[in-house]
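Line order of the protein sequences matches chains G and Y.
Read left to right, the first sequence gives residues 0 to 344 (numbering that gives the first Met the number 0).
Read left to right, the second sequence gives residues 0 to 344 (numbering that gives the first Met the number 0).
Positions of the beta carbon are idealized from the N, C-alpha and C atoms, including for glycine.
Report on the structure given below.
Number of protein chains: 2
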Amino acid sequence: MPVGTNATVKAMNQDELKDLGAEIILSNTYHLYLRPGHEAINKIGGLHKFMNWQGPILTDSGGFQVFSLSPLRKITDEGVEFRSHIDGSTHFLTPELVMDIQAALGSDIAMAFDECTPYPASREYALKSLQLTSKWARRCKESSTPHSALRTPHLFGIVQGGTYADLRKQSAEELIEMDFDGYAIGGLSVGEPKNLMYDMINYTTPLLPQDKPHYLMGIGDLLDVLEAGSAGIAMFDCVMPTRNARNGTLFTSAGRISIKREEFKTDPDPLDINCGCYTCRNYSKAYLRHLFMNREILSMRLNTLHNLHFYLEFFRKMREAIENGEFDKFRGQQTPVLQNNFHGD
Amino acid sequence: MPVGTNATVKAMNQDELKDLGAEIILSNTYHLYLRPGHEAINKIGGLHKFMNWQGPILTDSGGFQVFSLSPLRKITDEGVEFRSHIDGSTHFLTPELVMDIQAALGSDIAMAFDECTPYPASREYALKSLQLTSKWARRCKESSTPHSALRTPHLFGIVQGGTYADLRKQSAEELIEMDFDGYAIGGLSVGEPKNLMYDMINYTTPLLPQDKPHYLMGIGDLLDVLEAGSAGIAMFDCVMPTRNARNGTLFTSAGRISIKREEFKTDPDPLDINCGCYTCRNYSKAYLRHLFMNREILSMRLNTLHNLHFYLEFFRKMREAIENGEFDKFRGQQTPVLQNNFHGD
Chain G
0 MPVGTNATVK AMNQDELKDL GAEIILSNTY HLYLRPGHEA INKIGGLHKF
50 MNWQGPILTD SGGFQVFSLS PLRKITDEGV EFRSHIDGST HFLTPELVMD
100 IQAALGSDIA MAFDECTPYP ASREYALKSL QLTSKWARRC KESSTPHSAL
150 RTPHLFGIVQ GGTYADLRKQ SAEELIEMDF DGYAIGGLSV GEPKNLMYDM
200 INYTTPLLPQ DKPHYLMGIG DLLDVLEAGS AGIAMFDCVM PTRNARNGTL
250 FTSAGRISIK REEFKTDPDP LDINCGCYTC RNYSKAYLRH LFMNREILSM
300 RLNTLHNLHF YLEFFRKMRE AIENGEFDKF RGQQTPVLQN NFHGD
Chain Y
0 MPVGTNATVK AMNQDELKDL GAEIILSNTY HLYLRPGHEA INKIGGLHKF
50 MNWQGPILTD SGGFQVFSLS PLRKITDEGV EFRSHIDGST HFLTPELVMD
100 IQAALGSDIA MAFDECTPYP ASREYALKSL QLTSKWARRC KESSTPHSAL
150 RTPHLFGIVQ GGTYADLRKQ SAEELIEMDF DGYAIGGLSV GEPKNLMYDM
200 INYTTPLLPQ DKPHYLMGIG DLLDVLEAGS AGIAMFDCVM PTRNARNGTL
250 FTSAGRISIK REEFKTDPDP LDINCGCYTC RNYSKAYLRH LFMNREILSM
300 RLNTLHNLHF YLEFFRKMRE AIENGEFDKF RGQQTPVLQN NFHGD
C-alpha cells in the first residue's frame, strides 16, 4: 500500500497511482482528524471522493502517530490525550472516536485503536500495553456505526506485545477471540534489532487465522518484506519508496542508488534500463540529477513514480513467485540486489 | 511562453505542457550556465533532449538574471563580472560567451546579451546603458557559431532605453539596423509606474519591423498583456501563472482567488466550473485547499496545471479575437474579470 498520509500519496496524482497498478492505498486517521477534520471530509462525501481515488483505502487508527508525532501524550484506560504536532492544541482520542472518524472518512479497512509499545519496554509494560490494546480493540469492535458513516469498514485488530514472544501470543489470542476481519502485527521496526523483529514476525504470523489477511504495519525495507512474506504476511505499507524518492535514493534492478552522484552529471542513460516506468522511458540520469540538485518539484514527482513502480513491480513478482511455488528462488535472486548500495559522491 | 528557468517548468512534466497546448517554452542561460553547465547539457545532446521537450525553446540571455539575482556585479564594456547566487563563485559573461552557451544548449531562439537598465535611472545612465546593449547586440550578431552548437539559433535583439521615449527609439533603430530575427522590449516592469510602462510599450512597439516577432519580456499580468497586445506585441513570458499557483493564487473565469480561504474547506465544487483543465475536472476546492494548507507537492502540481491552462486559453482566445478583428470586444469583456480579486480568509 502506497502511503497517502494527508489524503495524498506525496507528489502523485490519483491517475498515476492507478496506472502504477496500486490496488489499495493507506491514509491516516490522526492527520485527517487534525486537518482538515473528518467532518469536513465527510461533508464532501468521504475520503474517496475528496481525494478522487476510487480504489480501496485502509486508514491507520492514529495509535502509531500519537506515539511518534505528538510531543506530549497521556495514556489512560479511556484513551489518549495528546498535543497536535501542527498547532499544539490538545485532543483526546478514544477507541470509539477513532472508529467514528474512520467511518466518517468512509474507510474500507479501519484499524483498531492501539497503543504502540515502544522499544525497549519492560515485560511488565509490554503486558500492560497489550492488555490496553486488547481492551481498546474490543471497544472498537463493539462501537456502533455513527450516523455519518459512509460505510461500515472492515475492521482489523493489531497484535502488540513488544519483543516478548509469549506476549505476542497472548495479544494474538485475545484478538482472534474477538474475530476481526483481518490481523495486523504492530509495534515493530521501532528501534529493536532486526533479529528480534524477525523473531516476532516468524513467531506471530503462524498464530493468525489462515483465512484472514495478515498485515505487517509500517515495514517496507524489501529485505524485511521477503522475511515477512516467507512467514506468511500478505499486506504491507511503508513510506520508504516515496520518502526515499524525495531524498534522492532510488531503487533499481542493480541496487539502490543516490541520484546526486557526480558521475551522473552527463549520464544520458535512464535510471534503470530494465525499468519500464514513465521516468525511465522519458528521462536520463543527468536530468534527474539536475532536477534533484535544484530541489525541483519535478524531481520529487519523477523519483516517486519510479520508486513506487519498483515497489509495486516487486510485490507483483513476489505474489507470482508465491503462486508458482517459487518464493525461495525469488528470494534468493532478489536478496543480493537489495543489499547493493551505490551511495555518496 | 511558460517559464522553465532550470530546464523545468516548475511542477510540470513535459507531456502535461504539451497537453496544455504550450507551443514554446522559455529557459534560462544564467541558471543553466551555473548548474549543471551548458557543456554538461551539450554532452547529453542539448536542452531539448535533456529535458525531453520537443517543441521550440527560447533562452533568455542572462542579462536580466545577472541584474536581479547576483549580489555583486561589475559591468565593463567587455562584459559582466558577477557572483553566482548559488555558491558565490565569480563568473564573467560576455556577449560571445552568452551566444556560445545558447548555441551549446541548442536553443531555437537566443536572446542577445543586454544590460537591463534599472528604474529609476538618469537619462545619462539610460543612454550609456542602451549604447552598451547595442554594442553587445552587435557582438552577439557577429559572434561565430561554436563547434558545440547543435543549431544556429534565431537571434532576437532587446530594446532598452529605460523610461525615455527618445532613448527607446534610439535603441530600436540601432538594433533594427543590425537586422535581428525578432525584437524584444526589455527593462520594463522593473519598478516603474504602470502608465510609464504602458507609454514605453505603446511608443516602442510600432517602431519595430512589422514582419518580425515582437516580444515583451517578463510581463505576464494579463491586464498588461491586453495593453501590450493592443500595441502589437505577440510574444510574452512570465512566471506569474506558475509562481502564483505555488502560492495558492488561482486564476478563474470569475477573477483571481486565494485557495486558502476558509470558506473552501467544505466546498465540493471545482475551482472554476467553466474550466476544462485536469484539476477542475477531477478535484474540488476543498481538496485543493487541503493540499495547499499541508504544503503538499500535489497542490503545486494541480494549481500550476490550472493556472497554465487559464493563461494558455487566454492567449488562444486573444489570438482568435485578433484574427476575427474583435480584440477591443475581447479586451472589454476580460478587463473587469481580471480586475476581480477574491483574497484573504
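Cα separation between residue i and residue j?
{"i": "asparagine 367(G)", "j": "asparagine 246(Y)", "result": "Examination of residue 367(G) is not possible in this model, given that chain G is present from 0 through 344 alone."}
{"i": "leucine 221(G)", "j": "threonine 278(G)", "result": "21 Å"}
{"i": "lysine 264(G)", "j": "asparagine 273(G)", "result": "21 Å"}
{"i": "threonine 7(G)", "j": "methionine 292(Y)", "result": "13 Å"}
{"i": "leucine 154(G)", "j": "phenylalanine 49(G)", "result": "22 Å"}
{"i": "isoleucine 23(G)", "j": "glycine 54(G)", "result": "6 Å"}
{"i": "isoleucine 43(G)", "j": "aspartate 266(Y)", "result": "7 Å"}
{"i": "leucine 215(Y)", "j": "tyrosine 197(Y)", "result": "11 Å"}
{"i": "leucine 297(G)", "j": "alanine 10(G)", "result": "9 Å"}
{"i": "threonine 151(Y)", "j": "isoleucine 258(Y)", "result": "44 Å"}
{"i": "leucine 304(Y)", "j": "glutamate 15(Y)", "result": "8 Å"}
{"i": "alanine 148(Y)", "j": "asparagine 194(Y)", "result": "42 Å"}
{"i": "glutamate 172(Y)", "j": "methionine 234(Y)", "result": "20 Å"}
{"i": "leucine 427(G)", "j": "leucine 337(G)", "result": "It is not possible to answer for residue 427(G), since the shown part of chain G is limited to 0 through 344."}
Are the Cβ atoms of residue i and residue j separated by less than 8 Å?
{"i": "asparagine 51(Y)", "j": "asparagine 281(G)", "result": "yes"}
{"i": "valine 224(Y)", "j": "isoleucine 184(Y)", "result": "no"}
{"i": "serine 393(Y)", "j": "isoleucine 56(Y)", "result": "Chain Y is shown only over 0 to 344; residue 393(Y) falls outside these bounds and no answer can be derived."}
{"i": "leucine 307(Y)", "j": "leucine 131(Y)", "result": "no"}
{"i": "methionine 177(Y)", "j": "arginine 242(Y)", "result": "no"}
{"i": "proline 240(G)", "j": "histidine 289(Y)", "result": "no"}
{"i": "asparagine 5(Y)", "j": "glutamate 226(G)", "result": "no"}
{"i": "tyrosine 182(Y)", "j": "leucine 174(Y)", "result": "yes"}
{"i": "leucine 46(Y)", "j": "leucine 104(Y)", "result": "yes"}
{"i": "leucine 270(G)", "j": "threonine 248(G)", "result": "no"}
{"i": "asparagine 339(Y)", "j": "arginine 260(Y)", "result": "no"}
{"i": "cysteine 139(Y)", "j": "proline 94(Y)", "result": "yes"}
{"i": "lysine 134(G)", "j": "aspartate 180(G)", "result": "no"}
{"i": "glycine 78(G)", "j": "alanine 111(G)", "result": "no"}
{"i": "serine 188(G)", "j": "isoleucine 218(G)", "result": "yes"}
{"i": "phenylalanine 364(G)", "j": "glycine 228(G)", "result": "The requested residue 364(G) is not part of the displayed model; chain G covers only 0 to 344."}
{"i": "glycine 190(Y)", "j": "tyrosine 286(Y)", "result": "no"}
Please classify residue i: is it buried, with 16 or more other beta-carbons within 10 angstroms of its beta-carbon, or exposed?
{"i": "leucine 71(Y)", "result": "exposed"}
{"i": "threonine 334(G)", "result": "exposed"}
{"i": "aspartate 344(Y)", "result": "Residue confidence for aspartate 344(Y) is low, a pLDDT of 48 falling below 50, so the modelled location carries little weight and cannot support an answer."}
{"i": "glycine 275(Y)", "result": "exposed"}
{"i": "leucine 342(Y)", "result": "It is histidine, not leucine, that sits at residue 342(Y) in the sequence shown. Histidine 342(Y) is exposed by the Cβ-count criterion."}
{"i": "aspartate 113(G)", "result": "buried"}
{"i": "aspartate 59(G)", "result": "buried"}
{"i": "alanine 253(G)", "result": "exposed"}
{"i": "lysine 328(G)", "result": "exposed"}
{"i": "asparagine 27(G)", "result": "buried"}
{"i": "serine 143(Y)", "result": "exposed"}
{"i": "glutamine 101(G)", "result": "buried"}
{"i": "lysine 284(G)", "result": "buried"}
{"i": "arginine 122(G)", "result": "exposed"}
{"i": "arginine 315(G)", "result": "exposed"}
Within a Cβ cutoff of 6 Å, which residues of the same chain sit near residue i, ignoring the five residues on either side of it in sequence?
{"i": "aspartate 236(G)", "result": "Met0, Val2 and Leu25"}
{"i": "aspartate 345(Y)", "result": "This structure cannot speak to residue 345(Y), because chain Y is shown only from 0 to 344."}
{"i": "glycine 161(Y)", "result": "Thr116, Ala120 and Ala125"}
{"i": "tyrosine 310(G)", "result": "Pro240"}
{"i": "tyrosine 29(Y)", "result": "Gly61 and Gln64"}
{"i": "serine 170(G)", "result": "Leu129, Val158, Gln159 and Gly160"}
{"i": "alanine 244(G)", "result": "Asn302, Thr303 and Asn306"}
{"i": "alanine 320(G)", "result": "Phe326 and Phe329"}
{"i": "valine 238(Y)", "result": "Val2"}
Pull the bridge partners of residue i from the DSSP assignment, please.
{"i": "serine 143(Y)", "result": "Its beta-bridge partners do not exist; DSSP assigns none."}
{"i": "asparagine 340(Y)", "result": "Arg255(Y)"}
{"i": "asparagine 27(G)", "result": "Asp59(G)"}
{"i": "leucine 215(G)", "result": "Ile184(G) and Phe235(G)"}
{"i": "phenylalanine 314(Y)", "result": "Paired residue(s): none; phenylalanine 314(Y) is not in a bridge."}
{"i": "alanine 109(G)", "result": "Thr58(G) and Leu154(G)"}
Once you ignore the five residues that flank residue i on each side, which residues in its own chain have a CB closer than 8 Å to its CB?
{"i": "alanine 230(G)", "result": "Ile200, Asn201, Thr204 and Pro205"}
{"i": "serine 69(Y)", "result": "Phe81, Arg82, Ser83 and His84"}
Identify, in the order they occur along the chain, each residue of the same chain with its Cβ nearer than 7 Å to the Cβ of residue i, setting aside the five sequence neighbours on each side.
{"i": "threonine 89(Y)", "result": "Glu80 and Arg82"}
{"i": "leucine 166(Y)", "result": "Ala125, Leu126, Leu129 and Gly160"}
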